[in-house]
Structure formats: structure tokens, C-alpha cells
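Per the numbering used here, the sequence shown starts with residue 6, numbered consecutively.
Glycine residues also receive a C-beta, built at the ideal position from the N, C-alpha and C atoms.
Computed from a prediction, not measured in an experiment: that's the story for all the values here.
What follows is one structure encoded as C-alpha cells, with my remarks underneath.
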Amino acid sequence: PDWQKEMELMQQSQVKAEIQSLASIAPDFLTNIYLPNKLRYGGWV
């Protein structure tokens, strides 16, 4: 999907994205996927 390509691009380029745009992927994406992965694998939130 397009959102997955965008996430990979942001990760490779090391640029910050708007957190609000992540919520548009799915209502629980930010709390169930994005934040737990950031906390588990490191990186700034």
C-alpha cells in the first residue's frame, strides 16, 4: 500500500513526519503499532 511506501521512505530519509497523518492509516495504528515499535526498537518519537 501507499502508506507503507511512505513509512519506508521516511525511515530511510530520517525525516520527521506529522503524527496526525499516521492516524489516517487506521484509528489504532499510532497506539498499537507505531509507538510500541518506536519504544521497542529505539528512535525519537
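The alpha-carbon of residue 47 is positioned some 18 angstroms away from that of residue 34. Look at residue 7 here: in three-state DSSP terms it is helix. The straight-line gap separating the alpha-carbon atoms of residue 31 and residue 23 is approximately 15 angstroms. One alpha carbon belongs to residue 25, the other to residue 36, and they sit about 12 angstroms apart.
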